[in-house]
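Sequences listed follow chains A and B, in order. Residue 160 in my numbering is what sits at position 162 of the first sequence, and the numbering runs on without skipping anything. Residue 32 in my numbering is what sits at position 34 of the second sequence, and the numbering runs on without skipping anything.
Protein chains: 2
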Amino acid sequence: MAIKIVAFDADDTLWDNEAYFQETEQKFCQLLEDYLPIHTLSRELLQTEVTNLSLYGYGIKGFMLSMIETALRVTDKTIPPEAIEKILQFGKELLAKPVTIIDGVEQVLSELKNRYRLVMATKGDLLDQHRKLHKSGLGHYFHHIEIMTEKGEEDYKKLIKRLDIKAEEFVMIGNSLKSDVLPVLHIGGHGIHIPYHTTWAHEKIEVNIDHPNFRQVSSIREVTQYL
Amino acid sequence: MAIKIVAFDADDTLWDNEAYFQETEQKFCQLLEDYLPIHTLSRELLQTEVTNLSLYGYGIKGFMLSMIETALRVTDKTIPPEAIEKILQFGKELLAKPVTIIDGVEQVLSELKNRYRLVMATKGDLLDQHRKLHKSGLGHYFHHIEIMTEKGEEDYKKLIKRLDIKAEEFVMIGNSLKSDVLPVLHIGGHGIHIPYHTTWAHEKIEVNIDHPNFRQVSSIREVTQYL
């Protein structure tokens, strides 16, 4: 591989994220368990989130608004205002979570930094992601930070064009096959998949990838075998 | 001026924005006028927004969350859930507003496009701003789009560094003295102020600027006199 740019997804690749969302979702479901069973609440919340995705995008604020909307709908507007206040509180706590860097990340970044241009390419809310990057202290490893509204083939094509390289010189490393790996393989780039222990239902896909530019590793430490 | 890059603010410089927020705020105040007089509600909402700014950033989703928080506080949690639902509805309507391009913008962009590299540099929510840019059809005029979490001196320094020019080769055009003009003048760039008919209370400042790199115009059409 004549790789020039190594791009990393951030949430659940560089630092923990989904586990915090699931913890908040659990609190939300417990808050409303007098109205509906927890698994039904989870399903209702996911449905609201997915419906609102094109309007709100990814990130905690959209998640907060979707929790409030779900609470109003499933209780048929009988939810007490105190519960709405609790949901705001859950969201603010989620925004204030510390950033926990995944084991091995710093070592890999500092090893690769001198041999490649490193990029962080993440979906999500601009302020959330800047805040997490700042808290993480990882900013100095990256040549470029790209916060994307979506991670489809067209979005990666634009990014690669802006970085002024060819697709075959680009490798994307991340925990989501759907967002980090498949679109990059489809446009001629390389993808390394590092599964995270939990995945948002909307990002889950069932697929077997057999592609010469694809690698799967179980820990970020292993990516240096290929780079 | 040996200008290389002409940067434009977006909200209330390229297209209308603040007027839509004020319209929504008015609906919010009317919804709660049984609890508090409208001018008090406005003040309470502003206070919530400013307090939440570091947590939520700029944009409609944060505004929606601040409206809900204010409604809970000023009614001492006696607000009926139907009113919360209304607030969500107001916010969704605000997100779906059409983009109205300000008179003269297209003509100025197409005149300047061949002589300078044009940049759009705006604060706000990533998805909101991408959506508005897309709806506006103005994207093709710009060499670079920068969506910033804040517009302070450091943020402009980073932008200018990334654009690979000197501050004196950079001019910023916008409706906010505080965000678009003063920080750019302070780091050695040029600023052109185009007042918009209404300004968010938090962006208002009283200042007389006497600086060789500063111009004030009453319409975007006039910027071509200086460029």
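Just so it is clear, CB atoms sit at the ideal spot from N, CA and C, and this is done for glycine as well.
Beta-ladder partner(s) of residue i, from DSSP
| i | result |
| --- | --- |
| Q28 of chain B | In DSSP, Q28 of chain B forms no bridge with anything. |
| R115 of chain A | A:I3 |
| D178 of chain B | In the DSSP output, where bridge partners are listed per residue, D178 of chain B has none listed. |
| Q214 of chain A | A:H191 |
| I171 of chain B | B:F6 and B:I190 |
| I99 of chain A | A:W13 |
| E144 of chain A | A:A119 |
Proximity test, Cβ basis, 9 Å: residue i and chain A
| i | result |
| --- | --- |
| H188 of chain B | no |
| T22 of chain B | no |
| H128 of chain B | yes |
| L70 of chain B | yes |
| A199 of chain B | no |
| G135 of chain B | no |
| I145 of chain B | yes |
| L124 of chain B | yes |
| L93 of chain B | yes |
Neighbour-count burial assignment, residue i, 16 or more Cβ in a 10 Å radius
| i | result |
| --- | --- |
| Q28 of chain B | exposed |
| Q105 of chain B | exposed |
| S134 of chain A | buried |
| H188 of chain A | buried |
| A69 of chain A | buried |
| E80 of chain B | exposed |
| H209 of chain B | exposed |
| I203 of chain B | exposed |
| H191 of chain B | buried |
| T46 of chain A | buried |
| A0 of chain A | exposed |
| E67 of chain A | buried |
| A5 of chain A | buried |
| I174 of chain A | With the sequence shown as reference, residue 174 of chain A is identified as Ser, and Ile is not the correct amino acid for it. So S174 of chain A counts as buried. |
| N15 of chain B | buried |
| R113 of chain B | exposed |
| V48 of chain B | exposed |
| V221 of chain B | buried |
| R213 of chain A | buried |
| Y224 of chain B | exposed |
| S64 of chain B | buried |
| G172 of chain A | buried |
| E31 of chain A | exposed |
Residue i: contacting residues in chain A (beta-carbon distance under 7 Å)
| i | result |
| --- | --- |
| E80 of chain B | K75 |
Listed by chain order, chain A residues near residue i by CB distance under 8 Å
| i | result |
| --- | --- |
| L63 of chain B | K59, M62, L63, L86 and G89 |
| I66 of chain B | I66, I82 and L86 |
is_contact[residue i, chain B] using C-beta, thresh 9 Å
| i | result |
| --- | --- |
| G55 of chain A | yes |
Any non-hydrogen atom of the ligand FAD within 8 Å of residue i CB
| i | result |
| --- | --- |
| D32 of chain B | For the ligand FAD, the structure offers nothing, since it holds no ligand at all. |
- [ ] Inspect the CB distances between the stretch 3 to 21 of chain B and the stretch 92 to 108 of chain B and report whether three or more fall short of 8 Å.
- [x] yes
Open item on the list: Would you call the stretch 137 to 148 of chain A in contact with the stretch 106 to 125 of chain A, where contact means no fewer than 3 C-beta pairs closer than 8 Å?
Closed with: Segment contact: the stretch 137 to 148 of chain A against the stretch 106 to 125 of chain A, three or more CB-CB distances shorter than 8 Å; contact assigned.
Open item on the list: Whether or not the stretch 176 to 185 of chain A and the stretch 150 to 162 of chain A are in contact is what I'm after, with contact meaning three or more pairs of Cβ atoms, one per stretch, closer than 8 Å; do they touch?
Closed with: yes
Task: Segment contact flag, the stretch 48 to 55 of chain B with the stretch 16 to 25 of chain B, C-beta cutoff 8 Å, min 3 pairs - done: no
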